[in-house]
Every structure is written in structure tokens, then in C-alpha cells.
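Those letters in the sequence shown? Residues 0 to 326, per numbering that gives the first Met the number 0, in order.
Glycine included, C-beta positions come from ideal geometry on N, C-alpha and C.
A quick note: this is a predicted structure, and the numbers were derived from the prediction, not measured.
Read the structure below first, then the notes.
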Amino acid sequence: MRSSARNHRNLAPVLVVRFFVVLSIVTHAAYAVAQSSRDLIGAARLGSGYSQILNLTASPDISSAHLDISNGVAPHSFTITRIPYEGSLLTFSDQNSIGWRVSGGYFREKDELAIGGLDGAPGSVASKWSAFSATGGLFLKSKLGYGFTFEPGLDLSMARLLNDASYKGAAAGLKPLTDGPLFNWHENAWLVTPNAALEWTTNIASAQTLTIRGHIAWSWISSFDESDPLLRFRETAGSWSIQSAYTGPTGAQLFARPLNYVVNAGYGGFFGANHSALGFSTLANIGGGFDLPISRDDAQAKHVRVGGAYLVGPHVSGWTVSLGLTY
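Pasting the structure below:
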């Protein structure tokens, strides 16, 4: 997810708004308008934003969430939904094992871009960006002692990004110029993501635990099967997170199992040349939930955990609701 465009600080749809400002100036010079528009789109290096959308869709460092971005350029909102699952593949010893994981992700954003004609006539483009990802990977789970666990891994993802748009009013005149390279297009991409996590868990008191987990990932992203050659990109992107969770007993039972409460907090973000391409680069979360063991007799077995959190960072805020398994 990388290009050399270090000044890209906004999500690709925001760059579209900037492009229309320039395009509205050049459209009155009908001679070479078509070529000028393609040159402008190519110069905008929109691939840096598109690749970050795919990275966000496939990355485990920001869970399913709704985010509102307000960076002073063009406020916008988007939603990410991710469904992960993991299990054990091979056990070498009590300290070392190999696990597998899969996940599916979905990103969506809708915008209404106001475009005025040269005669002042109103117009707009209703645009929707969607991304889908499917990820599979392997990881080594190694218990180092003193509560530490090290988890290096490798994930492979295939993703699809597409745009659907409709033109209204004066904006309809832009359709021959923008359909294909800017709106109403699709492309696929591969993501190769080596990653590593270090987790520390300690028992504070009876049935009370504290877990701190750090995670870092680096992705190579390459598009293919683009509906327009201008959509092609090869980028890189990094993500990181530090999460903490405190678990304690509520004193209540649910389905004859002890019900625990969970308080969690964390901080994470992106790094690399295009770390701000989404309109934000760091994000904090604070929230809570409940934890319930699947087994009545084995408290160390898998647990079902449900929770929610408030998300906040420079130029960004939002919320997340989660349902998952812990090991």
C-alpha cells in the first residue's frame, strides 16, 4: 500500500473532491479535455488511498467499526465489518503449536458530491465505494514463559474494490470523462501480510486476569483485473496496535456458567509513507463487555466474548460492537 506520495492525507474519495475542483476549471477548454482529465486522475495517485481502503478492510488491527472522519477537507463516514475465526492446526508441545485463521471483511462508504455547472446549474454525483476481502493465514504460537506468548504469522488476502455512481443535473456532462477511471469501476488485489504479536497475561487475583497484546503487520498490495489501466497500483502499508483487557467475575451465572466482565483499552494506527491516506493515522479505544466460558467444567477452554467500545483519535471518532471467541 504505498506510493511516494507522502502528502496524501485523505481517503481516496476526498481526493476525488479535489479532482473535481481542478476538472471544473479545465472543462471549459473543450479541446483535449478527455486527455487532460485522465492526466489529472493519473497524477492524483489515487492508488495510495484505494490500497489503504483494502488494508483497512483486511487488517485485524481495527475491528468492525463505524468511523466519522473530520479532517477539515471533506467530512465523511465509513463502516467496516469483519468476521474472523481461528483454530489449532498442529501441536508440537505444551509450549509450541501452529494455528490457522480466516476472516472476511467488508468496507462501505457513500458520498454525495456536489458539482456545479459553468452556468451555475446544480448537479451532483452519488457515489458508493465498497470493498470485500477474504483472508487466510497461519501463525506459530510459542509460550515463552512468565506469561509471555509470541505469535509470528503470515496472512494472504484477496480483495475486491469497486465504485458505483450516478450523475444528476449538471454533473451528467462529466460522465464521458469520469466513468471508468474515477467512477463506476472495479478492481481486485492481492495482499501479502507478514505479522507478529506479543502477548502477556497475568493473574491479578482469583478469577481476575490482565492481558496486554501488541501486534504489528506489514502488507504488500498489488492490484489486478482493473476495469481501467489508471486504477493499477502497487503499494505497501503497515499497521500496529496495543490492546489491554482486564477480566473479573461478576458473581452471576449464565447458562450455568460463570459470567465475567471485561474492561478493555487500546491504541493503534498505521505507519508507512501513506499512513494518513484514510484521513487519520491513529485511533484509541475504550470499552467493555462480558465473557462466558463455553465449557461448564473447564475455565481454560474457549470463551465467548461480547462487547463494545468508543473510538477516538485526531480527526476521527466512532464506535465498535464485537462478538468473538477467545482462547
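Contact annotation, S129 with E111: C-beta distance approximately 16 Å; criterion of less than 8 Å not satisfied. The alpha-carbon separation between L277 and S294 amounts to approximately 42 Å.
Rounded to whole angstroms, S58 and F147 show a C-alpha spacing of 23 Å.
For G307, same chain residues with a beta-carbon under 6 Å away, outside a window of 5 residues either side, are G286 and V320 in chain order. Relative to F269, the option among I40, S35, S36 and I52 whose CA is nearest is I52. Rounded to the nearest whole angstrom, the C-alpha separation of Y260 and F254 is 16 Å. Within the same chain, and ignoring the five residues on either side of N187 in sequence, the residues whose Cβ sits closer than 6 Å to its Cβ are R159, F223 and D224. Only residues of its own chain outside the window of five on either side were considered, and among them G268, F269 and H274 have a CB closer than 7 Å to the CB of S280, listed in chain order. The way I'd put it, the stretch 161-175 doesn't touch the stretch 201-212; fewer than three beta-carbon pairs between them come closer than 8 Å. Note that the C-beta distance between W184 and S221 is not below 7 Å.
For the beta strand (DSSP E) assignment, the uninterrupted runs of no fewer than 3 residues enclosed by the stretch 50-74 are, from N- to C-terminal side, 64-68. The beta carbon of S238 sits closer than 6 Å to those of S58, D60, A216 and F269, all from its chain and outside the five residues before and after it, given in chain order.
For L173, no beta strand (DSSP E) segment is defined, and its DSSP state is neither H nor E. In terms of Cβ geometry, A283 and G312 form a close pair [threshold 7 Å].
In this structure, DSSP gives P228 a helical state, which the three-state scheme calls helix.
In the DSSP assignment, Q94 is bridged to no other residue.
Scanning its chain for C-beta atoms nearer than 7 Å, with the 5 sequence neighbours on each side dropped, one finds around S69 the residues H314, in chain order. Every beta strand (DSSP E) stretch that sits fully inside the stretch 254-282 and reaches 3 residues is listed by chain position as 256-270. CA-to-CA, the gap between I79 and G323 works out to about 16 Å.
Of the residues assessed, I40 falls on the buried side of the cut-off, its CB having 16 or more other CB atoms within 10 angstroms. Cβ neighbours of G103 within its own chain (closer than 6 Å, five residues either side excluded): I82 and A133. Around the CB of T201, fewer than 16 other CB atoms lie within 10 Å, so the residue is classed as exposed. DSSP places S36 in the helix class (H, G or I) of the three-state scheme. Judged by DSSP secondary structure, I203 falls within the beta strand (DSSP E) whose first and last residues are W184 to A204. I241 is bridged by DSSP to G213 and Y266. Spanning the alpha carbons of N194 and A169 requires a straight line of approximately 48 Å. When secondary structure is reduced to three states using DSSP, S218 falls in the strand class. DSSP places A120 outside both helix and strand once states are collapsed to three, so it counts as coil. Of the candidates E108, L155 and V101, the residue whose Cα lies closest to the Cα of H75 is E108. Partner residues in a beta bridge of P180, as assigned by DSSP, do not exist.
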